[in-house]
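Notes to accompany the following structure.
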Amino acid sequence: MTDLDAVRARLAAARGEQYWRTLEEVADSAAFEELLAREMPAAAVQWLDPMRRRSFLKLMAAALALGGLGGCGERPSEPIVPYVRTPEGVIPGRPLYFATAMPSAGGFGLGLLVESHLGRPIKVEGNPRHPASLGATDAHAQASVLTLYDPERLQAVTFAGAIRTWADFLGAARAALGAQRAQRGAGLRLLTETVTSPTLGAQLRAVLEQYPDARWHQWEPSRADAVRAGALAAFGDDVRPIHHLAAADVIVALDADFLGCGPAHLAEVREFAARRRPGQPMNRLYVAESGLTPTGAKADHRLGLRAAAVAPLARALAAAVGVPGATAPHADQLPARWVEAVARDLRRHRGRSLVVAGETQTAEVQALAHLTNVALGNVGHTVSYVPAVEVRSEDQLASLKTLVDDMAAGRVEVLVVLGGDPAFNAPADVPFAEAMGRVPLRIHLSLYGNDTAARSHWVVPAAHYLESWSDVRAFDGTVTVVQPLIAPLYGGKSAHELLAVLGEGATQAGYDIVRARWQAERRGADFDDAWRSWLEAGVVPGTASATRYVLPRRAPAPSQADGQEGLEVVFRPDPAVHDGRFASNAWLQELPRPLSRLTWGNAVHVAPTTAAHLGLRAEQVVELALRGRTVRAPVVVAAGQAEGSVTVHFGYGGRGPFHEHGFNAYAIRPSDALWSGWGLEMRPTGARSPLARTQHHQRMEGRDIVRAFPAGHEPPRATPEPAAAEPSLYPEWSYAGYRWGMAIDLSACVGCNACVVACQAENNIPVVGKREVLRGREMHWIRIDTYFTGDPAAPGTYFMPVPCMHCENAPCELVCPVEATVHGAEGLNEMVYNRCVGTRYCSNNCPYKVRRFNFFEYSRWNAESLRLLYNPDVTVRSRGVMEKCTYCVQRIVQTRIAAEKEGRRIRDGEVVTACQQACPAEAIVFGDLNDEESRVRLLKTEGRNYALLEELNTRPRTTYLAALSNPNPELA
Amino acid sequence: MIKQRPLWGLLAEFASPDELLAAARRVRGAGYHRIDACVPFPVEGLTEALGFRRTWLPLLVLAGALFGAAGAYFMQWYAMGIWYPLNVGGRPLNSWPLFIPITFELAVLVGGLTAALGMLALNQLPMPYHPLFNVPRFARATQDRFFLAVDSRDPRFDRAATAELLRSVGAAEVSEVAR
Amino acid sequence: MSTPSAPPPVLAAPHTYTSITDKIAGIVLTRGARRGWLLGFAIGLALFTLLGVAVTALLYVGIGIWGVNIPVAWGFAIANFVWWIGIGHAGTLISAILLLLRQEWRQSINRFAEAMTIFAVMCAGIFPLLHLGRPQFFYWLTPYPNTMSLWPQFRSPLVWDVFAVSTYFTISLLFWYVGLIPDLATLRDRSQSRIGRVVYGVFALGWRGSARHWQRYEVAYLLLAGLATPLVVSVHTVVSFDFAVAQLPGWHSTIFPPYFVAGAIFSGFAMVLTLAIPLRAAYGLHDLITERHLQNMAKILLVTGLIVAYGYFIEAFMAWYSGNPFERYVLWNRLTGPYRYGFWGMLLFNVALPQLLWLQRVRRSAVALFVIAVCVNIGMWLERFVIVVESLHRDFLPSSWGMYYPTFWDWATLFGSFGIFLTFFFLFIRFIPMISIAEMRMLLEEERGEAAA
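Chains as they are written, first to last, in the numbering used here: chain B, 5 to 976; chain F, 728 to 906; chain U, 3 to 455.
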């Protein structure tokens, strides 16, 4: 410990002058060696120890120490403003919440409230005032705090791999730019991901003004150009649809996973789920898609369709509702009955229906969807249009191609890549990496040492969004000022700071840049107050885009279907690591992907029939060949996958931590089939690669597990919950004070996994690594069980979040020999970690199997890096101890203390569990069952309320609300 | 030499259980009370022949077992209900059906210990030294010979007369036992 | 002395007190050791070492080196525990129950049967400790307010285990030792070496065969037998509660106590035969451990085997008859699931094979008996595996179904436990008379009586 401090002190000092050359120099060898020695247990036991990941954590510990913990816990020097007014200064043990926003894929902002303990951001929640969040978060946002502390991040400016200083970089950059200024920047190229930040946009424009012949390009592998093209085709105007699902009675999703991803998916889940409950008229969802998605899982009627067949379907629907110029195709692959029924349903609900086109579909489908909505009079009711929020909306593929051509032709002398990893994720037939090699000076701003960094001269560590000032637009244009919660841990720089150098050449703090930009826009004496209020609220008022009036055109002519031979391949970003940007995040790596429940890797999703036809079995490795390029990948036999269509997730196989767990789908992703294409060949190889899935059996075996009813057919409302389910010889235990309980609405849950990561972040749940998952030792306290019913080709799909049930007659407690798990005064099934001896009998006797066991020292509670991340209110469990969901008892206690200070009872909705808080669908409700008015109490009186495995008379406190569906009688 | 040293008693050796039994009856008939036999295995009827009373070990064991049972139940009732009452799986604090197994086990344990230790105690074992061990031939008492011992403290004991009696009842060998 | 029709005698060769004493004590009081003994002892030590390594690894790295997981949180360790405990039961049964039933033939096998019991319970005892996530805190299961002023949770079958097993071990040890005292005295008096005299002398407690002592001794011995008899039944009942009290399909069953006890005796007698037959050959004890003994044990094996088979049948029948879908699935899964070979192997070894014992030819052949006994031992271990793992790996919610694959360390711990058993057993047959001399003398006396009459 002492020498660790020493190292840290040295680092602080060194950092002070912005000057240190090599790591050894900083940590003088003795201290350094000892430190490593302690952080890495004797190699002797490594062979006994199956957990590869622990070595990663050890690295984390050592590496972070090197990276200079001196900065940790340090608050940024600029004044950042708490979300709610709190006593000045920090009260130890009392967290502060700061509003900020996470720039997610596509550049769209997600408003967040970040919980900070003594200056350490440890947990993110959604910002209720932000249109994209409405208080909810997704798995990526929840996991982003781990990335913040990840010592695998770049930690120093490097030139050709050797560590340099920021000052060194400035010198080199200025020299090069001087040369460029002379030739009006003819040789200067900037490459960014999609930019929505007004400040960054302004800076880019400023740079382009200074260097008129310079070019700014954008490329993001998961950004679909067809959205723009479709809007242009439909309206001749670059607009984006904003869906108002609350007003939609009938929704048709054309290969659109609007519940799973997309710039507004949290808000749309909220509105969608609100209309899947009894009380208000239920919406009806039709989905036609190639691979099963959460949206398809929630569909009342789902049509498994090859991606290429969606266009004819869209055309057929358009024709059926009378879109001018649309003629029904003679599409034999479409089930006429289905199409007609849907069309009738749409016509019946003019103005109250909605057709959503998947962003990955062709411009034709986008256009047809827009026009269908127009024809149905939905515009203004269920859908409205706003101008694109990108600073510059363009065809990114074309943009990238021009850049590559310029580079190949040697017209580029200075290439600045701000974020992203084009060398890794450019289309297979766009030789970015090679062309890049011809640029004399290559500069890359990056969080990680990715492929682009490996090919760059200068690599500048990027600052995490929780470390830097910026601003970002939400899908509707609303701006949030991104404020940092902590000074850069590894001396990272933001894109603003780097661009400032390119521009005026003078170094500027991100804070000044962003603030100056806004001061310029919103002049006035009261700017300081306004600024403060924006930071406080997490949104800048009046920045939401005004809706645009659109003029529909005639339906575009049907595109000629190219030769449809061989298999169809569909490319999608990995649900967890997305386009690869989250690959180094262990929480997301270990997050079971929706539906497949696959962790630590990606796979080829093959329809059961296709697999049978090709003689493929799960986990078998196949060679995928497309346009002459090949890659080897393991097979997942995926229920609901359209026959003859194969889904492949990209995002793995690059450079950097954990990329090696998957295969690189970019290697076969051609620019003419970025999202789907024909001519894929699959050749079985002898090899087999085990897939770490957390659910091996997805059938209910005819057991009463998930209950589902067509709307209106659910059992009648029950009287307030019966005291005892069964007559009992034993006297009842009475819970005088609070009686906590939970209700989970299976009708609302879309299986998005946000709760799983939220729970992991809140409760310091360790990651165990691929090998341990393969052994069935994952530690998640809440899991999303996914069940399929009926024909695997067209399955009924149900999500069931399963945390601890907190049974009144807890079977686990009875068999524990040491009272390590007992009932609390408020009816919680409590785990006493320090009393547990680890017989694991409780787990055996738990019919829900929600208990998790520390088979190894999973939590590196002595690892410096994770200490910073851990929630100080939650015990970190050590080896040999059982753990499980606690109903976030720490939150209950905090709230009780607050309430007792004010001498009142806890109000309903005051205690919010981590899973509940993250849930965009509001599917999880927690509260006091002794409170007659509490929401949970009312929900439990609903007829569809039931206890899982209630015949065992465990009398769970957590009960479920049966899933409701709203099938179309014509198709029933 | 032996003459000088004080005498503990006399030891008569027999070849078979039957001879020993007969001899024992005769000697006792002759009014001796402080007599004992040493045999390699329990010989039927020997205790009657020597006129021993029944042992009260069984009562001791019964008491022990009962004590064990009572103690066990009390321990569980007290620990679960009074000392640290906890709601375990919604079961009542005094879940008597679940307390029975331990109650039974402890009854057996304490009973068994009483039986074994009680036997040793009543037999005044361990007893490392006993005058009889002074007689070399006595080693065969644990093998294949049957001995009858007469204690010198017996009122009717007389060195010569008793030895004579023993020989007359068919002792193969009569030896004097030094104290 | 016996007509062909009558059962073979309990004592074959004509013996005198002297000859019997010489013969049995001779085995112990000879100098040096036979080659066979050395070999066996070496094997025992080797396995013991293996156990040492396995346990060190376990304590150092953690329970994760075993194959256990969620849902299968119990694996080999518990199966081994139940198996070893079961082995022990035959010893107590022979020494206690057959004593009460006045089965004279027990007397030449009870001594090493009891020794087997004690060593088996020792082997069993280590597993509940080792399988803890934090073995260093095993003492939290002992009945006193150990930490945080908490007592153990007396409603848990695991605590019952602690009491049952420790009681069982204590009583067995006492019973064995009390039975040993006269023989120790014999050895004390026969030993040529001073060390022998001292050591045996100390343990003999100065026993001199006084008739008064014999009187109380016999009473105590009978009482111990009387106590051990219900005890032996209770111990495996309590062990079966570990499963029966849980509500897991495949565990939660009222048939378990009797069927576990029967299984225990079944496996125990199999083990007695597995040990007796080679010993008898190695030390030429055919006159003391006669055909009669083997045949009687074979018959008991057959009977208990039938009871066990009945248990299997009722379990299956109830699974079907109860109409409980979970129970039904467990049965179906045992028959056809991924671990079906374990189940079918169990049926083959425990039900099919023992049926050969109906044939007298098989009962007469020591070799055949030995083979069957070994198979039964394997079969009974498989039974415990079936109960522990196959019930756990697919329980109520299909979502949490999983598989259990034993690791190298699981196997090492299983075979290592034989190290304890063999090591102690070989020490026992070297230094302690493996047949009760005193009781053999008694037997001889009775035979004499019968002959006279």
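Each residue gets a CB set at the ideal place from its N, CA and C atoms; glycine is no exception. Model, not experiment: these values are computed from the prediction.
Within chain B, partners of residue 813 (chain F) - CB distance below 8 Å: 823, 826, 827
Cβ shell of residue 411 (chain U) (< 8 Å), same chain only, five flanking positions each side left out: 56, 59, 60, 67, 68
Amino acids of chain U, ordered along the chain, whose beta-carbon sits closer than 7 Å to that of residue 767 (chain F): What residue 767 (chain F) touches in chain U: 19, 211, 440, 443.
Alpha carbon of residue 290 (chain B) to alpha carbon of residue 404 (chain B), nearest angstrom: 36 Å
Residues near residue 809 (chain B) in its chain [Cβ-Cβ closer than 6 Å; skip 5 each side]: 852, 960, 962
Top-ranked residue by Cα proximity to residue 577 (chain B), from B:688, B:569, B:570, B:587: B:587
Buried versus exposed, by CB contacts within 10 Å (16 or more), residue 536 (chain B): exposed
Pair within 9 Å by beta-carbon distance, residue 22 (chain U) and residue 291 (chain U): no
Under 7 Å by beta carbon: chain F residues contacting residue 215 (chain U): 850
Closer than 9 Å to chain U by CB, residue 789 (chain B): At least one chain U Cβ lies under 9 Å of residue 789 (chain B).
Residue 103 (chain B) to residue 120 (chain B) span [Cα, whole Å]: The alpha-carbon atoms of residue 103 (chain B) and residue 120 (chain B) are separated by roughly 11 Å.
Contact residues within the segment 686-708 of chain B, judged by C-beta distance below 8 Å to chain U: 699, 700, 701, 702, 703, 704, 705, 706, 707
9 Å Cβ cutoff, residue 201 (chain U) in contact with chain F: no
Proximal chain F residues relative to residue 815 (chain B), where beta-carbon distance stays under 8 Å: Here the neighbours are 816.
Rounded C-alpha distance that separates residue 166 (chain B) from residue 425 (chain B): 20 Å
Closest Cα partner of residue 451 (chain B) within the set B:157, B:895, B:953: B:157
Pairwise C-alpha distance: residue 395 (chain U) and residue 98 (chain U): So the alpha carbons of these two residues sit roughly 39 Å apart.
Amino acids of chain U, ordered along the chain, whose beta-carbon sits closer than 8 Å to that of residue 818 (chain B): 157, 158, 247
Pair within 9 Å by beta-carbon distance, residue 858 (chain B) and residue 881 (chain B): yes
Host beta strand (DSSP E) of residue 1047 (chain B) (start-end): Coverage of chain B is limited to positions 5 through 976, which leaves residue 1047 (chain B) absent and any answer about it impossible.
Opening and closing residue of the alpha helix (DSSP H) in which residue 179 (chain U) lies: 159-192
Distance CB(residue 409 (chain B))-CB(residue 631 (chain B)) smaller than 9 Å: no
Residue 534 (chain B) and residue 542 (chain B) closer than 9 Å at C-beta: no
Residue 759 (chain B), enclosing alpha helix (DSSP H) - first and last residue: 758-766
Minimum Cβ-Cβ distance from residue 851 (chain B) to chain U less than 9 Å: yes
Pairwise C-alpha distance: residue 933 (chain B) and residue 910 (chain B): 12 Å
At least three beta-carbon pairs within less than 8 Å, the segment 917-935 of chain B to the segment 749-762 of chain B: Contact between the segment 917-935 of chain B and the segment 749-762 of chain B is established, with three or more Cβ pairs separated by less than 8 Å.
Stretch-stretch touch, CB-based, cutoff 8 Å, three pairs: the segment 488-496 of chain B with the segment 516-527 of chain B: no
Alpha helix (DSSP H) segment containing residue 3 (chain B), residue limits: The displayed coordinates of chain B run from 5 to 976. Any statement about residue 3 (chain B) would go beyond what the structure contains.
Residue 814 (chain F), DSSP secondary structure in three states: For residue 814 (chain F), the three-state secondary structure derived from DSSP is strand.
Cβ contact check for the segment 279-287 of chain B and the segment 609-623 of chain B: 3 or more pairs under 8 Å: The segment 609-623 of chain B and the segment 279-287 of chain B do not touch, with fewer than three beta-carbon pairs separated by less than 8 Å.
Status (buried if at least 16 other CB within 10 Å, exposed otherwise) for residue 197 (chain B): buried
DSSP three-state assignment for residue 835 (chain B), whether helix, strand or coil: strand
Unbroken stretches of the alpha helix (DSSP H), 4 residues or longer, contained in the segment 820-850 of chain F: 823-849
Minimum C-alpha distance to residue 434 (chain U) - residue among U:133, U:190, U:147: U:190
Ordered list of beta strand (DSSP E) runs contained in the segment 247-275 of chain B, each at least 3 residues: Every beta strand (DSSP E) stretch that sits fully inside the segment 247-275 of chain B and reaches 3 residues is listed by chain position as 254-258.
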